[in-house]
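Heads up, the thing below is written out as structure tokens.
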Amino acid sequence: MPETPRFKVRRADWSADKAAIARVRRSVFIEEQAVPESLEWEALDSECVWFVAESVPGEVVGIVRLTPDAQVGRMAVLASWRRCGVGTALLAAVLAEARRQGFRKVRLSAQTHAVPFYAHHGFKPVGDIFMDAGIPHRAMTITFEDSE
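Below you can see the structure in the form of structure tokens.
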């Protein structure tokens, strides 16, 4: 018998979910990765389409956003939920939304340790490694085929 999924991914409601999204961002980016708090919060946040991964009890354990200009960002999964398929499920949801919105190409800035993850899902590196918030990143893009 297949194992019941321990989480589900859903489109977030920014007004209702922003506190839970902020908790994940604070835990992963500010506390774990030492991103300065002043760099983490953006006015753009409320204009994005957000997806959250929730544990079966309803705790938000992962997040991702799609900006109005087709950039995937703020992908974060709580440490205890990594390597459980949460990132893959979030990425699938955000890419499906990008397609639904008619975007032909999506971009992101991947932390260099995550480049293989995104490459596995079809993203291609673009340009050189650069620093963002003191962390090495690489720009990556994915182009959707007409047949998809």
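When the count follows our numbering, it moves up by one through the sequence shown with no breaks and lands on 1624 for the last residue. In this text, a Cβ means the ideal position worked out from N, Cα and C, and glycines have one as well. Remember, it's a predicted structure, so these values are computed and weren't measured experimentally.
**OP:** Tell me, please, which residues DSSP counts as bridged to His1613.
**Re:** Gln1587, Phe1606
Original post:
Thinking C-beta only, is Thr1617 closer than 9 Å to Ser1562?
Top reply: Note on identity: in this sequence residue 1562 is Val, with Ser being the wrong assignment. Against a cut-off of 9 Å, the Cβ pair of Thr1617 and Val1562 comes out as no contact.
Subject >> Neighbour-count burial assignment, Met1551, 16 or more Cβ in a 10 Å radius >> reply: buried
Original post:
Given a threshold of 16 other Cβ atoms within 10 Å of its Cβ, counted over all protein chains shown, does Leu1520 qualify as buried or as exposed?
Top reply: exposed
**OP:** Decide if Glu1621 is buried, meaning its Cβ has at least 16 other Cβ atoms within 10 Å, or exposed.
**Re:** exposed
Original post:
What runs of the beta strand (DSSP E), each 3 residues or longer, lie entirely inside the stretch 1542-1590?
Top reply: 1547-1553, 1581-1587
**OP:** Specify the secondary structure class of Arg1486 as computed by DSSP and reduced to three states.
**Re:** strand
Subject >> Exposure label - Gly1610; buried when at least 16 CB within 10 Å >> reply: exposed
**OP:** Below 6 Å CB to CB, which residues in the same chain sit around Tyr1594 once its five sequence neighbours on both sides are set aside?
**Re:** Ala1586, Met1616
Subject >> Closest Cα partner of Phe1599 within the set Phe1606, Arg1580, Pro1612 >> reply: Arg1580
Original post:
In the structure shown, what three-state DSSP assignment does Phe1505 receive?
Top reply: helix
Original post:
Should Ser1623 go down as buried or exposed, given a rule of 16 or more other Cβ atoms within 10 Å for buried?
Top reply: Note on Ser1623: pLDDT 44, under 50, position unreliable in the model; no value is reported.
Original post:
Grouping DSSP H, G and I as helix and E and B as strand, with all else coil, what is Ala1498?
Top reply: helix
**OP:** Taking Ser1522 as part of the alpha helix (DSSP H), name the residues at either end of that continuous run.
**Re:** Segment: none, Ser1522 is in no alpha helix (DSSP H) and carries neither H nor E.
**OP:** Tell me whether Met1477 is buried or exposed, calling it buried when 16 or more other Cβ atoms sit within 10 Å of its Cβ.
**Re:** Bear in mind that a pLDDT of 48 at Met1477, under 50, signals an unreliable position, so the model cannot answer this.
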